[in-house]
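Presented below is the structure to which this report refers.
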Amino acid sequence: MALRLFFESRLRFAVLALALVATAAGCGTSRTARPGSRSWLVKPHQREYLADRIMRLDSNGQERAADQHVLVTREGAVGGGGTAGGGCGCN
Amino acid sequence: MQLRATALAVVCLLLRGAAPVWADVEAASRVTFFREPGNSNEGVTVVHPQTDVNAVLGESLSIGAGYEVDMVSGATPAIYSAQSGVDAISGATKFDDFRQAARAALGWNTNTVGVNAAYSYGWESDYRSHTLQVGAKGDFLERNFTLGLAYTRNLDEVCDQNNEAAQGLLDLKPLVSSATCFQTGQRTTVTRKVDIDTLEPSLTWTATPKLLLQFGATLQLLDGFQSSPYRRVVVNFQGQAPQERLPEQRQRYALFVRGNWAFPSIRGALSMGARAYRDSWDLWSGTLDTWFNKYLASKILVTLRGRYHKQTGAVFFRSGPDLEIKGPTGEYWTGDRELAPMDTILAGFKLAYISKRGQEQQAFLEEVEINAKFDGLIYNLDANAPNADRPYALIAQLGAALRF
């Protein structure tokens with residue numbers, strides 16, 4: 008009964024979910040990193056896969072422009088298609 | 285003698301510098317063929333060739349130039365009205381249009397920051413567009429994050445019928461011909477302005493060695509004539525059909541997230557994107573986009589794509605029958621399909637052949653890419669919506685790029 012009353016409050020449920028995610032994230036990092044150690048950052052030698060053309064967000068610029076050119080005059084919404092230049096620091 | 289020695293020294297310096305200066309050049313061309321057949325007329329056909337050349341000079345400076353053309357032909361609805369069934373469009377005017385645009389770009393990039401600027405000019409018989417774009421980006425936290433900001437300013441001009449003699453909004457006449465557009469000393473047409481400001485901030489995060497995420501937003505402010513000058517809309521049961529009339533101000537807002545996830549074991553990557561949009565004409569939309577890339581062999585890359593887009597109509601949009609029975613909402617009326625409630629589904633694939641120079645090889649060309657792409661676009665519209673007789677479109681692209 009008490010449990011049901013507790014979960015009837017959506018706010019409490021959301022707080023519980025966030026706390027669980029935060030705890031899980033904390034557990035995940037505590038094994039590999041100390042606070043401030045920056046070991047969670049991806050290092051240059053770990054960017055092998057990110058450097059491939061199929062992983063780059065700014066590749067195929069001409070093709071994306073052509074796609075946008077077609078859709079922008081046929082749908083009422085424009086923008087928010089992602090911006091160029093968002094690399095992975097691979098170069 | 286001294287002059288000859290100096291000239292020789294300059295030539296030697298240029299030759300020494302030639303290799304690194306022109307070490308990174310890309311030339312790319314693409315042709316897009318768009319076909320939207322209609323059940324009641326010939327529909328619309330667009331052929332869109334484009335060419336871009338970009339070069340990195342030295343270590344930081346880059347320059348670029350591009351040129352593109354739109355060759356449009358087909359039939360467009362002359363009047364948006366309420367006829368029964370799918371034949372909600374009465375009459376169709378055949379048209380041909382030819383648009384050109386040229387651009388030039390300049391960039392300066394170091395290891396962690398970059399700035400760029402570009403200018404483009406587009407022109408056609410009834411529209412001119414000046415576009416100035418500036419952008420900046422910076423990497424931080426060991427290049428795990430990239431913060432980008434782009435600003436674009438459009439100064440456009442639209443040709444419109446001279447309606448200074450109109451007594452009221454219902455007397456607005458459409459543009460009949462673009463023959464006198466942008467000419468001085470004539471009173472048939474006038475030039476109307478459209479100013480567009482677009483701001484796009486973005487944040488890219490290298491989340492893991494296999495996952496790249498990007499978050500961003502678009503804010504766009506439009507001020508000026510945004511109607512189609514040729515289109516007429518039947519707005520009451522008496523059959524009055526004035527020129528389309530849209531508000532002159534529009535604010536558009538969009539939020540997006542994109543992610544690229546590598547699957548090295550299968551030499552593939554999955555890309556997904558989501559976008560939420562709203563504007564001051566109360567048009568809401570959501571878009572989901574996904575691609576899957578996979579190398580089939582060392583030189584063949586195949587891409588599969590799926591996209592779903594759903595939008596509400598603009599607050600003043602009315603179907604043809606509603607316009608005739610209830611009349612327009614306020615002082616605005618439109619026959620533009622893109623302002624109608626609808627959803628679209630796009631699916632397609634792409635095949636690319638990529639040949640790279642080996643590290644030991646001495647060759648002028650570093651990389652050659654040839655690709656072919658095909659997409660199908662399906663519109664899901666109300667039967668009385670504008671252009672409801674055009675339920676789908678086919679889009680084919682052929683591209684080639686040389687890097688040397």
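So the sequence lines, in the order shown, correspond to chains P and R.
If you read the first sequence in the numbering used here, its first letter stands for residue 8, the second for the next number, and so on.
If you read the second sequence in the numbering used here, its first letter stands for residue 285, the second for the next number, and so on.
Glycine residues also receive a C-beta, built at the ideal position from the N, C-alpha and C atoms.
As the structure is a prediction and not an experimental result, all values here were calculated from the model.
Does the CB of residue i have a neighbour CB from chain P at under 7 Å?
i, result
"residue 679(R)", "yes"
"residue 316(R)", "yes"
"residue 426(R)", "yes"
"residue 593(R)", "yes"
"residue 490(R)", "yes"
"residue 397(R)", "no"
"residue 684(R)", "no"
"residue 494(R)", "yes"
"residue 498(R)", "yes"
"residue 567(R)", "yes"
"residue 671(R)", "no"
"residue 664(R)", "no"
"residue 311(R)", "no"
"residue 577(R)", "yes"
Could you tell me whether the Cβ of residue i comes closer than 7 Å to any Cβ of chain R?
i, result
"residue 58(P)", "no"
"residue 75(P)", "no"
"residue 71(P)", "no"
Quick one, which of the options has its alpha-carbon nearest residue i's?
i, options, result
"residue 467(R)", "442(R), 456(R) and 481(R)", "442(R)"
"residue 672(R)", "545(R), 324(R), 637(R) and 399(R)", "324(R)"
"residue 485(R)", "537(R), 688(R) and 571(R)", "537(R)"
"residue 635(R)", "576(R), 414(R) and 335(R)", "576(R)"
"residue 346(R)", "596(R), 363(R), 310(R) and 319(R)", "310(R)"
"residue 573(R)", "500(R), 667(R) and 591(R)", "591(R)"
"residue 609(R)", "667(R), 677(R), 365(R) and 397(R)", "365(R)"
"residue 607(R)", "581(R), 582(R), 519(R) and 399(R)", "519(R)"
"residue 46(P)", "426(R), 388(R) and 422(R)", "426(R)"
"residue 495(R)", "561(R), 523(R) and 555(R)", "555(R)"
"residue 693(R)", "570(R), 580(R) and 392(R)", "Because chain R spans 285 through 688 in this model, residue 693(R) falls outside it and cannot be assessed."
"residue 414(R)", "399(R), 457(R), 433(R) and 480(R)", "480(R)"
"residue 630(R)", "54(P), 78(P), 71(P) and 84(P)", "78(P)"
"residue 401(R)", "435(R), 409(R) and 658(R)", "435(R)"
"residue 584(R)", "72(P), 73(P), 61(P) and 55(P)", "61(P)"
"residue 313(R)", "344(R), 351(R), 487(R) and 343(R)", "351(R)"
Do residue j and residue i come within 7 Å of each other at the CB atom, strictly closer than that value?
i, j, result
"residue 498(R)", "residue 64(P)", "yes"
"residue 333(R)", "residue 315(R)", "yes"
"residue 508(R)", "residue 532(R)", "yes"
"residue 353(R)", "residue 384(R)", "yes"
"residue 349(R)", "residue 330(R)", "no"
"residue 446(R)", "residue 474(R)", "yes"
"residue 663(R)", "residue 628(R)", "yes"
"residue 699(R)", "residue 530(R)", "Residue 699(R) lies beyond the residue range present for chain R, which begins at 285 and ends at 688; the question has no answer from this structure."
"residue 674(R)", "residue 320(R)", "yes"
"residue 651(R)", "residue 640(R)", "yes"
"residue 403(R)", "residue 459(R)", "no"
"residue 552(R)", "residue 578(R)", "yes"
"residue 598(R)", "residue 565(R)", "yes"
"residue 340(R)", "residue 308(R)", "yes"
"residue 405(R)", "residue 386(R)", "yes"
"residue 686(R)", "residue 626(R)", "no"
"residue 668(R)", "residue 611(R)", "no"
Looking only at its own chain, which residues have a Cβ that is under 6 Å from the Cβ of residue i, when we skip the five neighbours before and after it?
i, result
"residue 621(R)", "670 and 671"
"residue 429(R)", "489"
"residue 540(R)", "500 and 559"
"residue 600(R)", "613 and 616"
"residue 335(R)", "313 and 351"
"residue 493(R)", "none"
"residue 682(R)", "315 and 656"
Less than 8 Å between C-beta atoms, sequence neighbours within five positions excluded: which residues of the same chain meet that for residue i?
i, result
"residue 38(P)", "For residue 38(P), the predicted model reports a pLDDT of 41, less than 50, meaning its position is unreliable; a value from the coordinates is still stated below. Cβ within range, chain order: n/a, list empty."
"residue 648(R)", "688"
"residue 550(R)", "578"
"residue 81(P)", "none"
What does a CB cutoff of less than 7 Å around residue i pick up in its chain, not counting 5 residues either side in sequence?
i, result
"residue 326(R)", "358 and 359"
"residue 534(R)", "506, 510, 563, 564 and 565"
"residue 437(R)", "416 and 481"
"residue 453(R)", "526, 529 and 615"
Does the Cβ of residue i lie closer than 6 Å to at least one heavy atom of the ligand GDP?
i, result
"residue 477(R)", "By its list of ligands, the structure shown contains no ligand whatsoever, and the ligand GDP lies outside what it can speak to."
If contact means a Cβ-Cβ distance below 9 Å, which residues of the region 616 to 637 of chain R contact chain P?
-> 620, 621, 622, 623, 624, 626, 628, 630 and 634
Going along the region 549 to 561 of chain R in order, which residues come within less than 7 Å of chain P, judged by CB to CB distance?
-> 553, 557, 559 and 561
Residues within the region 523 to 543 of chain R neighbouring chain P, beta-carbon criterion of under 7 Å = 536, 538, 539, 540 and 542
Members of the region 324 to 349 of chain R near chain P, C-beta cut-off 7 Å = 332, 334 and 336
Between the region 430 to 444 of chain R and chain P, which residues of the former have a C-beta closer than 7 Å to a C-beta of the latter?
-> 430, 432 and 434
Members of the region 455 to 466 of chain R that neighbour chain P once the beta carbon cut-off is set at 9 Å = none
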